[in-house]
Amino acid sequence: AGRYDDDTTSPVVTLKEGISGSWINNRKATIVFPEGIEVMDVNDAKTVKNATGVSYTIDENEVEIQATSNGKDKLELNLEFELSVSPEFTGDITATLTGSAVGDDQEVVVGTAAAPVTVDADVNELMIDYRNTTASDIVLTEADAGVLEKGKTVSLYIDGIKFDGTPSVEVESGDMKIENIKIVDGCLR
Numbered sequence: 016a017g018r019y020d021d022d023t024t025s026p027v028v029t030l031k032e033g034i035s036g037s038w039i040n041n042r043k044a045t046i047v048f049p050e051g052i053e054v055m056d057v058n059d060a061k062t063v064k065n066a067t068g069v070s071y072t073i074d075e076n077e078v079e080i081q082a083t084s085n086g087k088d089k090l091e092l093n094l095e096f097e098l099s100v101s102p103e104f105t106g107d108i109t110a111t112l113t114g115s116a117v118g119d120d121q122e123v124v125v126g127t128a129a130a131p132v133t134v135d136a137d138v139n140e141l142m143i144d145y146r147n148t149t150a151s152d153i154v155l156t157e158a159d160a161g162v163l164e165k166g167k168t169v170s171l172y173i174d175g176i177k178f179d180g181t182p183s184v185e186v187e188s189g190d191m192k193i194e195n196i197k198i199v200d201g202c203l204r
């Protein structure tokens, strides 16, 4: 979520007529993705079969499809979607096919968005207006190796709390290196 990863493949959705000529010309279908998913592009190069014309209109998380069947053979569209996933969106990415061209709505899960980093901490009581109060450990965990990139800065800010000195920071597992730890404007960097 919130990050372009060139190792990730774009989802491909295949639409097929069950009976040739059942996709009535000039009727539209819409593929709707969840809020937090934006469709950047649709690619159908060399994957449209038995259609005399196909057009797409993209509006954020919806793609309207208008296709003209050749009327003799079963229409088939293999649509590759380039998606942008909001940093706040995690979970299954479901494509819902709806509209007058298809009858009953149909759903398919085309991918899963995972948070690149998770943050965990135990809750403990801190004494207000006391210095040197020990807080619980805060653990950052990468979803996949390399999410926290080499040469990049990670900042940690806790609303209403200021660090009294530089906290100890360590790598519990993996081969990440942490360097130049400092407090800047209340943020641990």
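Residues in the sequence shown are numbered consecutively from 16, following my numbering.
Glycine included, every Cβ here is placed at the ideal spot set by N, Cα and C.
Residue state for N85 is assigned as coil, using DSSP reduced to three classes.
Straight through space, the alpha carbons of S170 and N40 are spaced by roughly 54 Å.
G126 sits away from P49, with the two beta carbons spaced by 8 Å or more.
Using a C-beta cut-off of 8 Å, the region 63 to 70 makes contact with the region 82 to 92, since at least three inter-stretch Cβ pairs fall below that distance. A straight line joining the alpha-carbon of S35 with that of N93 spans about 17 Å. Counting along the chain, the unbroken beta strand (DSSP E) around L98 starts and ends at 91 to 100.
Contact check between the region 172 to 186 and the region 155 to 164: fewer than three CB pairs, one atom from each, fall below 8 Å, which does not count as touching. Between I153 and the set K167, G166, V134, the nearest pair of CA atoms involves V134. Judged by beta-carbon spacing, S151 lies within the 8 Å limit of D137, meaning their Cβ atoms are closer than that value. Less than 8 Å separates the beta-carbon of E75 from that of E53.
It is roughly 36 Å from the alpha-carbon of D59 to the alpha-carbon of K165. Distances from the alpha-carbon of G175 to those of D200, K192, E194, D190 put D200 closest. Annotation: the continuous beta strand (DSSP E) that includes I46 extends over 43 to 47.
The beta carbon of V47 is closer than 7 Å to those of N76, E77, T111, T113 in its chain, skipping five residues each way along the sequence. At least 8 Å separates the beta-carbon of V117 from that of V28. K64 carries a strand assignment under DSSP once its states are collapsed to helix, strand and coil.
Going by C-alpha positions, V100 is about 26 Å away from R204.
C-alpha of T105 to C-alpha of A129: approximately 5 Å in a straight line. DSSP, reduced to helix, strand and coil, places V117 outside both helices and strands of the structure shown, so it counts as coil.
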